[in-house]
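Residue numbers (this note's numbering): 538 to 698.
Note that beta-carbon positions come from the ideal geometry of N, C-alpha and C, so glycine has one too.
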Amino acid sequence: MALRNIRIMGDKVLEKVCRPVDAVTPRIRELAGDMLETMYDAYGVGLAAPQVGILKRIVVIDVDGEHPHILINPEILETSGEQTGDEGCLSLPGKSGTVTRPNYVKVRAFDLDMNQFELEGEGLLARAICHECDHLDGILYTSHVEGELRDNAALEDEDEE
């Protein structure tokens, strides 16, 4: 496995719609492993393939550091409830904004053996699923931000005073 470069907002690849994965090849397996390693190295909870420059419908998510999910061709089936909170993105380092997302999400996807499964999540997992699936359609969380995007470094400076 290897660390991949995370694309930053302004990179056109982040604005493109990703193509479905037809088969899990050795390259797709390697990509999924690299994405997990890259996400952990950057202290993220999710990463989508376009964030590492690959226009394929693959996301990785691990909200607790112990239960990684690899979702190939994810499709959100159901949402309910509402949660509003801070959200950030590895493609916008040092920034965050207030975003309202569903509090519950059910998604259908394929695993690395191309077995279909469903995953249900609440709270942070639901937020991460929605955020990463948006990436696959070229949508950044900034389009959902309520109010201003904040500079996290400025917030940390205020906390120290």
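Residue from the options whose Cα sits closest to the Cα of residue i
i    : options                   : result
R639 : G631, I666 and P587       : For the sequence presented, residue 639 should be read as Pro rather than Arg. The option with the nearest alpha carbon to P639 is I666.
G660 : S617, D648, D688 and S633 : S617
D548 : G634, L614, E685 and L629 : L629
N652 : R556, A560 and G631       : A560
Y577 : S680, R556, E567 and G602 : G602
Proximity of residue i and residue j at Cβ, strictly below 8 Å
i    : j    : result
L608 : V644 : yes
V550 : P587 : yes
V582 : D599 : yes
H668 : E624 : yes
L579 : L627 : According to the sequence as given, residue 579 is Ala; it is not Leu. Contact: yes.
A539 : L649 : no
I543 : V597 : no
P605 : L584 : no
Endpoints, alpha helix (DSSP H) assigned at residue i
i    : result
G570 : P563 to D578
Close beta carbons around residue i, own chain, < 8 Å, minus the five adjacent residues each side
i    : result
Q620 : T637, R638, P639, N640, G660, A663 and R664
E683 : T621, G634, T635, V636 and T637
Cut-off 7 Å between Cβ atoms - residues of its own chain near residue i, not counting five sequence neighbours on either side
i    : result
V558 : I565, K593, R594, I595, I609 and N610
E698 : With a pLDDT of only 49 at E698, under 50, the local geometry of the prediction cannot be trusted, and no value is derived from it.
T575 : L540, R541, I543, L584 and V589
Neighbourhood of residue i by C-beta distance below 6 Å, restricted to the same chain and skipping five residues each side
i    : result
E612 : R645
L677 : none
G658 : V642 and I666
K553 : L592 and G675
K632 : L686
N- and C-terminal bounds of the beta strand (DSSP E) containing residue i
i    : result
H606 : H606 to S617
E624 : Q620 to E624
V597 : I595 to I598
E683 : E683 to D688
G539 : According to the sequence displayed, residue 539 carries Ala and not Gly. Here A539 belongs to no beta strand (DSSP E), and DSSP marks it neither H nor E.
G602 : Note, G602: premise wrong, no beta strand (DSSP E); not H, not E.
L592 : Run containing L592: none; DSSP gives neither H nor E here.
A585 : G583 to A585
Mind pulling the beta strand (DSSP E) runs of 3 or more residues that sit fully within the region 630-661?
632-638, 641-647 and 653-659
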